[in-house]
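A.B. asks: Mapping of the sequence shown onto my numbering: residues -1 to 203, in sequence order. Glycine included, every Cβ here is placed at the ideal spot set by N, Cα and C.
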Amino acid sequence: MARQRIILIADPDAQTVRALKSALKDEYEILVAKDGSKALELSVLKYPDLILFHRRCPLIGAAQFLKILRTNPRTEEIPLIVLADEPMAAGAPGYLEGVLVKPLNLDEVRAHIAHVFRKVDTAKEMSDEAGSVAGSLDQISMADLLQIFSVNRRSGALQVTVNEQEAQVFLHDGRIEDGADVGGAGLAAKDAEGEQRARVVVEHE
């Protein structure tokens, strides 16, 4: 039986915490912190799989919390979603897994969390396995896929097929390059019904 994933909710608002716990408790183990200091302690001791952190958490705010999180080898890879009372002016920075604005739509929260975990699983697959990976872009977006390759510094050829139209991207050390040497790799996985699919051949460093 697969280990139940752990989600840490750091928010001083008890009503928000109750709503999130009720929505998520059947699928995930839930930890709760009322301030940034407690959230940091739980992050180090319990190593949650995902953190929902309110932007204005007392004692340690979101920016400082993220900085500490990313400088600790034990917690540096934990995905972080920020909860906010209003939209962030510049949107979600690339180092966050998104910003959820209150009042929260719990169905959207669940869907966003599921998306993050799919991306985490894909990143682990890319890190652990050599050779090719194929699948539908309904499961993970192209932007997320390229981000995963960048983080893991993958080299290879990414080929996408939609109906009979094909596009190819070459990667070297996670960077997009025109004509990078990928050792002849890169085959498309075609779908007769025109579903977007991607097949990636990567090389271990």
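1. Exposed or buried, which one is residue 180 when buried takes at least 16 other CB atoms within 10 Å?
2. Are the segment 72 to 88 and the segment 49 to 59 touching by the rule of at least three beta carbon pairs closer than 8 Å?
3. Smallest Cα separation from residue 12: which of 32, 70, 21?
4. Confirm, please, whether the CB-CB distance from residue 6 to residue 34 is below 9 Å.
5. Taking the C-alpha atoms as reference points, what is the distance between residue 45 and residue 170?
6. Quick check on the burial criterion: 16 or more other C-beta atoms within 10 angstroms. Buried or exposed for residue 153?
7. Tell me, to the nearest whole angstrom, how far the beta carbon of residue 63 is from that of residue 104; I am working on the premise that it is less than 8 Å.
8. Would DSSP call residue 8 helix, strand or coil?
9. Can you give me the Cβ contacts of residue 167 inside the same chain, cut-off strictly under 7 Å, excluding the 5 residues immediately before and after it?
10. Quick one: which unbroken beta strand (DSSP E) runs of 3-plus residues sit fully inside the segment 24 to 77? Chain order, please.
11. Please report the Cβ distance between residue 67 and residue 79, rounded to the nearest whole angstrom; I am assuming they are in contact, meaning their Cβ atoms lie under 8 Å.
C.D. replies: A quick look at the data gives this:
1. Counting from 1 along the sequence shown, the entry for residue 180 is found at position 182. Note that residue 180 scores 36 on pLDDT, short of 50, meaning its location in the model is unreliable; the coordinates nonetheless yield the value given after this. When all chains shown are included, residue 180 counts as buried.
2. When C-beta atoms of the segment 72 to 88 are compared with those of the segment 49 to 59, three or more pairs fall below 8 Å, so the two segments count as touching.
3. As a first step, residue 12 is located in the sequence shown; it is residue number 14 there, counting from the start. Comparing Cα positions, the closest option is 32.
4. Here the question's residue 34 lines up with position 36 in the sequence shown. Here the question's residue 6 lines up with position 8 in the sequence shown. Contact: no.
5. Position 47 of the sequence shown, counted from the first residue, corresponds to residue 45. Position 172 of the sequence shown, counted from the first residue, corresponds to residue 170. A straight-line Cα-Cα distance of about 32 Å links residue 45 and residue 170.
6. For this step, residue 153 is matched to residue 155 along the sequence shown. Buried: at least 16 other Cβ atoms inside 10 Å.
7. Against the sequence shown, residue 63 aligns to sequence position 65. Against the sequence shown, residue 104 aligns to sequence position 106. No, residue 63 and residue 104 are not in contact; Cβ-Cβ is about 24 Å, not under 8 Å.
8. Your numbering for residue 8 matches position 10 in the sequence shown. Strand at residue 8.
9. Counting from one through the sequence shown, the residue named residue 167 turns up at place 169. 156, 174.
10. You should have 27 to 31, 48 to 52.
11. To locate residue 67, count along the sequence shown from 1; it is residue 69. To locate residue 79, count along the sequence shown from 1; it is residue 81. About 13 Å; that fails the 8 Å criterion.
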